[in-house]
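K.L.:
As numbered in the working numbering, residues 1075 to 1523 make up the sequence shown, in order. Structure in structure tokens, see below.
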Amino acid sequence: MSRGGAAPLAIAPFRWDPRDYQKPLWLYLEGGGLRADVVAHRRWGKDEVALHWAATAMLRRPGTYWHLLPEASQGRKAIWDAINPHTGRKRIDEAFPLKTRSRTRDAEMMIHFRNGATWQVVGSDNYNSLVGSPPVGVVFSEWALAKPDAWSFIRPILAENGGWALFLWTPRGRGHATRAFEVRARDPEWFTLKSPATETDVFGPEQLARERAELAAEMGSEEEGEARFASEYLVDFDAAAPGAYYAGLIGEAERAGRIGRVPYDPALKVDTAWDLGIDDQTAIWFFQQAGREVRVIDYFETQGAGLQAIAREALAARPYVYGTHHLPHDVRVRELGAAGRSRLETLEGLGVRPVFVGAAMDPEERINAARLMIPLCWFDAEACGGGLERLRAYRKRWNRGTRSYGGPLHDDASHAADAFGEFAANRRGGPATPHRARRVANEPLGWMG
1075 MSRGGAAPLA IAPFRWDPRD YQKPLWLYLE GGGLRADVVA HRRWGKDEVA LHWAATAMLR
1135 RPGTYWHLLP EASQGRKAIW DAINPHTGRK RIDEAFPLKT RSRTRDAEMM IHFRNGATWQ
1195 VVGSDNYNSL VGSPPVGVVF SEWALAKPDA WSFIRPILAE NGGWALFLWT PRGRGHATRA
1255 FEVRARDPEW FTLKSPATET DVFGPEQLAR ERAELAAEMG SEEEGEARFA SEYLVDFDAA
1315 APGAYYAGLI GEAERAGRIG RVPYDPALKV DTAWDLGIDD QTAIWFFQQA GREVRVIDYF
1375 ETQGAGLQAI AREALAARPY VYGTHHLPHD VRVRELGAAG RSRLETLEGL GVRPVFVGAA
1435 MDPEERINAA RLMIPLCWFD AEACGGGLER LRAYRKRWNR GTRSYGGPLH DDASHAADAF
1495 GEFAANRRGG PATPHRARRV ANEPLGWMG
């Protein structure tokens, strides 16, 4: 925890008093603090504090207040319609009594108050569609799952009008929320609090042991249950996300000291591995191999860029001497918008060669190859930071109907993971596979060599 307020504790206006472990946050807000980031275990009461603080703040300063969930539908279930199991009353009715309101709009999940203030539950996935007065107070609930662009949009508004922001979340592996928290913890302008279940009185030791056992049973795996418990109850930033393919192996690499400074060696050629996106990300990894050792020295990611810009920004801008460029099988597909040329032909025309095109394979083959290669890898922590985040987040699809995991989830992490697996499956000295394709170009590297 860092930077609490100096004002004496004040009780919220509607007969609510923060729990002891919530009081440092409440004191900070009561003392006029404007930026708070709290990562805490399940059932900590994060949204409860946020609701009552919004009720307190709007009495002092009538204005527009937002409570953001990653999606508006989540907000309806978790906030707007949520019932306090201890009282049987709706949480919003406890925080915002009917007598204080002038109007309640259920469809918009919005409350108008007699003093002119408004409070609304919204989705951070749709933040830029909100109209009306700019907010003076904003809560980001489940911040780890929210779009970080929402804060980029709202931050200058609050900076201009002196408004406050409160971030509340539980870890989901290393991501934007974790990175932001670690930076904010060193910033005197921020209050930060990391609160695991072992440091509050919400659960006793026997209850925590039961939660751990039940999670293992629910997930169908002791490993998966332990990962979920470490993340959601122990607030472990480095715990593997449930269903994660590589997070445990990346954690082992970090503990073994294989994530750090890995400089480029001019004596070794640099091989690359690509996953080409059209409307989404293009990901490129940069590798050097020395015997069995695989040095992962760099990572590049972009979105919506053309092949010429990618070749210039990802390859030509780096001082590397290139070896083989590994690309997936769909690079051969001809595109109508490119006069019938394939992306492979376009890249070769830009001097990207020699190219090794992998054959189509089951995703599990790439995943298994990557699992075998990661224990041989040394990662440059800075240059590969974004890629490591992607690998940690790459996970299985969760089927709510069957309550079981399926194949890989296609999301922002899958492009980096596919490129990494493409190299692992087809690299020199890698696992033998019946799907190896032939190298299609062996000309000199031209402007890149």
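Built from N, CA and C at the ideal position, the CB exists for glycine as well. Predicted, not measured: the structure shown is a model, and the values here were computed from it.
1. Across which residues does DSSP place Q1355 in a beta bridge pair?
2. If contacts are defined as beta-carbon pairs under 8 Å, then A1191 and Y1139 qualify, I think. What distance do you get, rounded to the angstrom?
3. Using a 10 Å radius around the Cβ and a threshold of 16 neighbouring Cβ atoms, would you call A1128 buried or exposed?
4. M1435 lies in the beta strand (DSSP E); which residues open and close that run?
5. Could you pull the start and end residues of the alpha helix (DSSP H) that Q1148 belongs to?
6. Rounding to the nearest angstrom, what Cα-Cα distance links R1134 and V1210 in this structure?
7. Going straight from the alpha carbon of G1504 to that of P1340, what length do you get?
8. With the cut-off set at 9 Å, would you say A1156 and D1121 are in Cβ contact?
9. For a test of the three-state rule: what should DSSP assign to A1318, helix, strand or coil?
10. Just the C-alpha distance for D1167 and R1175, rounded to the nearest angstrom, thanks.
11. Pairing CB atoms from the stretch 1375-1385 with CB atoms from the stretch 1323-1335, are three or more of them under 8 Å?
12. If we require 3 or more residues per run, which beta strand (DSSP E) segments fall completely within the stretch 1186-1226?
13. In the stretch 1438-1474, which residue ranges form an unbroken beta strand (DSSP E) of at least 3 residues, counting only runs that do not cross its ends?
14. List the residues that DSSP assigns as beta-bridge partners of R1175.
15. Where does A1086 land, buried or exposed, given buried means 16+ other C-beta within 10 angstroms?
16. Which value, in whole angstroms, describes the spacing of the CA atoms of N1442 and S1488?
17. Between K1343, R1386 and F1374, which has its C-alpha nearest V1368's C-alpha?
18. Could you tell me which of L1308, V1213 and G1237 sits nearest to G1247, measuring between CA atoms?
19. For the alpha helix (DSSP H) holding Y1102, just list the boundary residues, first then last.
20. Once DSSP output is grouped into helix, strand and coil, what is the label at F1241?
21. Going by DSSP, name the residue or residues bridged to H1400.
22. Does DSSP put W1090 in a helix, in a strand, or in coil?
23. Evaluate L1172 with the Cβ neighbour count: other Cβ atoms within 10 Å of its Cβ, from every protein chain shown; 16 or more gives buried, anything less gives exposed.
24. Can you have a look at S1305 and say buried or exposed, based on whether 16 or more other CB atoms are within 10 angstroms of its CB?
25. Please state if the CB of A1455 and the CB of I1333 are separated by a distance shorter than 9 Å.
26. Out of I1448, A1347, P1222 and Q1281, which has the shortest C-alpha to C-alpha gap to G1397?
P.N.:
On the basis of the data shown:
1. Taking the sequence shown and counting its residues from 1, one reaches residue 1355 at position 281. Note: Q1355 sits in a beta bridge opposite Q1377.
2. For the purposes of this step, residue 1191 is taken as the residue at position 117 of the sequence shown. For the purposes of this step, residue 1139 is taken as the residue at position 65 of the sequence shown. That belief holds up - the Cβ atoms of A1191 and Y1139 are roughly 7 Å apart, short of 8 Å.
3. In the sequence shown, the residue the question calls residue 1128 occupies position 54. If you draw a 10 Å sphere on the C-beta of A1128, you find 16 or more other C-beta atoms in it, and that means buried.
4. Translated into positions along the sequence shown, residue 1435 becomes position 361. No beta strand (DSSP E) contains M1435, which DSSP labels as neither H nor E.
5. Residue 1148 sits at position 74 when you count from the first residue of the sequence shown. Its alpha helix (DSSP H) spans residues A1146 to G1149.
6. As a first step, residue 1134 is located in the sequence shown; it is residue number 60 there, counting from the start. As a first step, residue 1210 is located in the sequence shown; it is residue number 136 there, counting from the start. Cα to Cα, the separation comes out at about 12 Å.
7. Mapped onto the sequence shown, residue 1504 falls at position 430. Mapped onto the sequence shown, residue 1340 falls at position 266. Cα-Cα distance, rounded: 23 Å.
8. By one-based count along the sequence shown, residue 1156 stands at place 82. By one-based count along the sequence shown, residue 1121 stands at place 47. Yes, these two residues count as a Cβ contact at 9 Å.
9. Looking up residue 1318 in the sequence shown gives position 244. Residue state for A1318 is assigned as strand, using DSSP reduced to three classes.
10. Position 93 of the sequence shown, counted from the start, is the residue given in the question as residue 1167. Position 101 of the sequence shown, counted from the start, is the residue given in the question as residue 1175. In a straight line, the C-alpha of D1167 is about 10 Å away from that of R1175.
11. Proximity of the stretch 1375-1385 to the stretch 1323-1335 falls short of the contact definition, fewer than three beta-carbon pairs being nearer than 8 Å.
12. The stretch 1186-1226 is shown to contain whole beta strand (DSSP E) runs of 3 or more residues at 1192-1197 and 1209-1215, in chain order.
13. Listed in chain order, the complete beta strand (DSSP E) runs (minimum 3 residues) inside the stretch 1438-1474 are 1451-1454 and 1470-1473.
14. Against the sequence shown, residue 1175 aligns to sequence position 101. DSSP lists F1187 as partners of R1175.
15. Here residue 1086 refers to the residue found at position 12 when the sequence shown is read from its first residue. At A1086, the pLDDT of 48 sits below 50, so the modelled position is not reliable; the number obtained from the coordinates is stated separately. A1086 is buried by the Cβ-count criterion.
16. Working through the sequence shown from its first residue, we reach residue 1442 at position 368. Working through the sequence shown from its first residue, we reach residue 1488 at position 414. Distance between the alpha carbons of N1442 and S1488: 15 Å.
17. Within the sequence shown, the letter at position 294 stands for residue 1368. Looking at the Cα atoms, K1343 is the closest of the given residues.
18. By 1-based counting over the sequence shown, the position of residue 1247 is 173. Per the Cα distances, L1308.
19. Working through the sequence shown from its first residue, we reach residue 1102 at position 28. Element bounds for Y1102: K1097 to E1104.
20. Taking the first residue of the sequence shown as position 1, residue 1241 is located at position 167. In the structure shown, the three-state DSSP call for F1241 is strand.
21. Working through the sequence shown from its first residue, we reach residue 1400 at position 326. As DSSP reads the structure, H1400 sits in a beta bridge with A1347 and F1430.
22. What you label residue 1090 is simply residue 16 of the sequence shown in a count that begins at 1. When DSSP states are grouped into helix, strand and coil, W1090 belongs to the strand group.
23. Reading the sequence shown from its first residue, position 98 is the one you call residue 1172. Looking at its Cβ environment, which holds fewer than 16 other Cβ atoms inside 10 Å, L1172 is exposed.
24. In the sequence shown, the residue the question calls residue 1305 occupies position 231. By the 10 Å Cβ count, S1305 comes out buried.
25. Locating residue 1333 in the sequence shown gives position 259, counting from the first residue. Locating residue 1455 in the sequence shown gives position 381, counting from the first residue. Cβ atoms of I1333 and A1455: closer than 9 Å.
26. What you label residue 1397 is simply residue 323 of the sequence shown in a count that begins at 1. Measuring from the Cα of G1397, the nearest candidate turns out to be A1347.
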